[in-house]
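For the sequence shown, the numbering used here assigns the number 4 to the initial residue and increments by one for each residue that follows. Glycine residues also receive a C-beta, built at the ideal position from the N, C-alpha and C atoms.
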Amino acid sequence: MTDTDTRTNTPAPPPPSSELRAAFREAGLSACVTEPDADADAQNPVRVTLLSPTDARQLARLIRTGTKRTLKAARTLREICEGYRIDLPGLRVEHGRITLGPIRIDDAARLARLLDAVPQATEQPSTTADATTVKTLLDHAFPQATGGGALSVLVRENAPNLLGLGSIDARTARRLIRALQF
């Protein structure tokens, strides 16, 4: 057996723009998608030519349709939290996920209690130690209330009266909504 016999010829992966080009074609949109240089690294961007105003509107509609469930979950979550007087000023949809953002410690404690965490002491939490306690409560209550959903909770050293809440997917958001509705 020779060296040539033992080598296998694996096909090169399709160019990174193939899926995008196919999606444009399937949607009936006219856009030229250009390949990055073959010699360039994988970080080189795929280029899309200018779209006509009609195609741009259609593309925006398609993106919104694709993110409709996530946008609806974010809106519903905001409304429910406002009803409980929980302020989530940083709640937004980003990269297909719902980012909850900064939350005051007393609001985070209220959220934890709504998710059936062990009740806090009677005083309002406001110190770094209280932030750690509320973080622990949320770390425990959130997965239980959402059927295993994960949420990163960060104690913000530079803002001791705030916690930082990470992002969740639309499915976890819907489970959170159901937990808060009962």
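Under DSSP, the beta strand (DSSP E) around residue i begins and ends at which residues?
| i | result |
| --- | --- |
| R95 | 95–97 |
| L166 | 165–171 |
| L53 | Where L53 is concerned, there is no enclosing beta strand (DSSP E), given that its DSSP letter is neither H nor E. |
| L157 | 156–158 |
Counting C-beta neighbours from all protein chains within 10 Å, is the total for residue i 16 or more, i.e. buried, or is it exposed?
| i | result |
| --- | --- |
| D119 | exposed |
| T135 | exposed |
| F185 | exposed |
| P56 | exposed |
| S170 | buried |
| I66 | exposed |
Which residue wins for smallest C-alpha separation from residue i, given the options the options?
| i | options | result |
| --- | --- | --- |
| R50 | V96, P56, P19 | P19 |
| L32 | L62, R88, S21, P163 | L62 |
| D173 | A162, V158, P14, A153 | First, the amino acid is wrong: residue 173 is Ala here, not Asp. Looking at the Cα atoms, A153 is the closest of the given residues. |
| A30 | V158, K71, P17, D58 | D58 |
The alpha helix (DSSP H) spanning residue i covers which residue range?
| i | result |
| --- | --- |
| L65 | 56–69 |
| I108 | 108–117 |
| L23 | 21–29 |
Does chain D have any CB closer than 7 Å to the CB of residue i?
| i | result |
| --- | --- |
| Q147 | Although the question refers to chain D, the structure presented lacks it and comprises just one protein chain. |
To the nearest whole angstrom, what separates the beta carbons of residue i and residue j, a pair I think is in contact under 8 Å?
| i | j | result |
| --- | --- | --- |
| I106 | L165 | 7 Å |
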